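A.B. asks: Below are the structure tokens for one structure; questions will follow.
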Amino acid sequence: MKKITIRPGKERSLVKRHPWVFESSIARGGGDSGETVRVESADGQFLAWAAFSPGSQIRLRAWSFDAAERIDAAFFARRIAQAIAMRKRLAIASDAWRLVHGEADGLPGLVVDRYGDTLVAQFGSAGAERWKQAIADALLAATGLTRLYERSDAQAREWEGLPVQTGWLRGDGETALTIREHDWKLTLDVAEGHKTGYYLDQRDSRQRFAAAVRQYGCKTVLNCFSYTGGFSVAALAGGASLVVSVDSSGPALERAKAHVALNGFDAGRHEAWDADVNATLRRCLSEGRRFDAIVLDPPKFAPTAAHAERAARAYKDINRLAFMLLSDGGLLYTFSCSGGIAPDLFHKIVAGAGLDAGVDGYIVERLSAAADHPQTVCFPEGDYLKGLGILKR
Ligand code: SAH
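Heads up, the sequence shown is in my numbering, so the first residue is 23 and it goes up one at a time.
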């Protein structure tokens, strides 16, 4: 077993059970891509078993902080069983949920979503890649399912120096699926959709939005960055009379339109605008339009903390425009899924946007990823998705 020694003082995060070690914290030692290494402090104390990522800034990702634990196929079966057991305790209002959420489930770099009877996995680290076959076997054994599609095409693969890989890892057949979320039917394609096919992390917020649209009597709704219209269906279910989905992806909007019909809503209550959100907000403003509710759910403007400053300006800009477009008493549902923007910073950005727009608001909701995308005590970076529901004053 290869050994990695951490520079004096740099062992602190591992001692606190944070699973990442950056390249600059390593004194000596190395390994092959994804190889399990023993990590020790400068004075030779065991710290963790970790996977080595030669090409990544995050050079080590800890599998276990228990010196007695062996990292083998049985280890992955245990961690996967634990992750599944946690989800069984949740009341998930869907037949699609996240089974494994990387670091939070003690499996850094591994994401597994379940859509009905189909599993979709992303192997986002050298360690997860190395154990792919054992992980695939454990997933099928633990779930009793037979279909596992690989979507190893996220940006993290590139940072890890791993090639894009997609396709059936186990089983085969149709990649186009229909799922149920709350009372709604939604379709997706695990081969082509964003992430593993759908944004499962917004499930709870979509339901809250439907309830809020009803509660506050919102009639006109602008759903920015709509993707396939999850929040649009929610708004229609909440009683909105006109919902506009805005996205720059034509195929996503086609699906949004199909979702309106699939859920029995009159197509006349929905418009799909294939456009840039920023330009759309400005155009609506110049036309004097107002909306009773606006959703802002942009893509990750800041993938890491290094992008935070530029991202902050981009978030502030769209939030400022949205505040100005809201009817009096209107509802803003605003999100950031950037790991590099902490919740308190996001709050400050939205506050600055309100100030610039000359608008104050009541925070009526604090939103985060659904519980099947868990946050853990030791891994604050897991708090990537945050949102605020704000009623214009
Ligand atoms: N709210 C969605 C998820 C949004 S993901 C849901 O609940 O499922 C972000 C979306 O923003 C993607 O669909 C992407 O196509 C879109 N997008 C990214 N940049 C954009 C831009 N400048 N203008 C419009 N849409 C954009």
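Quick reminder that beta carbons are idealized off the backbone N, C-alpha and C, glycines included.
Please read these numbers as outputs of a predicted model, since none were measured by experiment.
By alpha-carbon positions, which one of V255, R109, K110, I157 ends up nearest to G131?
C.D. replies: Among V255, R109, K110, I157, the Cα nearest to that of G131 belongs to I157.
A.B. asks: Kindly examine the ligand SAH and report whether one of its heavy atoms sits closer than 7 Å to the Cβ of Y384.
C.D. replies: no
A.B. asks: Sorted by chain position, which residues of the same chain lie with C-beta nearer than 7 Å to F313's C-beta, five sequence neighbours on each side aside?
C.D. replies: T242, V243, L244, L347, L348, S349, G352
A.B. asks: Considering only residues of the same chain and omitting the five flanking positions on each side of A393, which have a CB-CB separation below 7 Å?
C.D. replies: L112
A.B. asks: So which of L208, W85, A163, M108 has the shortest CA-CA distance to A148?
C.D. replies: W85
A.B. asks: Using DSSP with H/G/I as helix, E/B as strand and the rest coil, what is F287?
C.D. replies: coil
A.B. asks: Just to confirm, does A90 get its C-beta within under 7 Å of one of the non-hydrogen atoms of the ligand ATP?
C.D. replies: Among the ligands present in this structure, namely the ligand SAH, the ligand ATP is not found.
A.B. asks: Can you tell me where the beta strand (DSSP E) with W181 in it begins and where it stops?
C.D. replies: In the DSSP assignment, W181 falls outside any beta strand (DSSP E) and lies within the alpha helix (DSSP H) extending over 177-181.
A.B. asks: Report yes if the C-beta distance between H292 and S254 is below 8 Å; otherwise report no.
C.D. replies: yes
A.B. asks: Could you compute how far the alpha carbon of S267 sits from the alpha carbon of W190?
C.D. replies: S267 and W190 have their C-alpha atoms some 32 Å from each other.
A.B. asks: Rounded to whole angstroms, what's the CA-CA distance from R39 to F247? Just pull it up for me.
C.D. replies: Distance from the CA of R39 to the CA of F247, rounded to the nearest whole angstrom, comes to 36 Å.
A.B. asks: Are the beta-carbon atoms belonging to G251 and R230 less than 8 Å from one another?
C.D. replies: no
A.B. asks: At what residue ranges does the region 205-264 contain a whole run of the beta strand (DSSP E), taking only runs of 3 or more?
C.D. replies: 206-211, 242-246
A.B. asks: For V61 and K24, what's the separation of their Cα atoms in angstroms?
C.D. replies: 9 Å
A.B. asks: Taking 7 Å as the cut-off, is the CB of Q177 close to at least one heavy atom of the ligand SAH?
C.D. replies: No, the Cβ of Q177 stays beyond 7 Å of every heavy atom of the ligand SAH.
A.B. asks: Using the Cβ count rule (16 or more neighbours within 10 Å means buried), how would you classify P41?
C.D. replies: buried
A.B. asks: Which residues in the same chain have their Cβ closer than 6 Å to the Cβ of Y220, if we skip the five residues on either side of it in sequence?
C.D. replies: L210
A.B. asks: Ignoring anything shorter than 4 residues, give me the alpha helix (DSSP H) runs that lie fully in the region 69-125, in order along the chain.
C.D. replies: 95-110
A.B. asks: Using 8 Å as the cut-off, can you tell me whether the region 269-287 makes contact with the region 310-326, which would need three or more C-beta pairs spanning the two stretches below that distance?
C.D. replies: no
A.B. asks: Among R169, A105, W153, A178, which has the Cα closest to the Cα of G146?
C.D. replies: With distances taken between Cα atoms, G146 lies closest to A178.
A.B. asks: What whole-angstrom Cβ distance do F44 and I102 have, given they're in contact under 8 Å?
C.D. replies: No, F44 and I102 are not in contact; Cβ-Cβ is about 27 Å, not under 8 Å.
A.B. asks: Please determine, among L161, E182, E331, the residue with the shortest C-alpha to C-alpha distance to E172.
C.D. replies: Ranking L161, E182, E331 by Cα distance to E172 puts L161 first.
A.B. asks: Is it buried or exposed for Y384, if we count other Cβ within 10 angstroms and need 16 for buried?
C.D. replies: exposed
A.B. asks: Mapping the DSSP letters down to three states, classify V381 as helix, strand or coil.
C.D. replies: DSSP places V381 in coil when its eight states are reduced to three.
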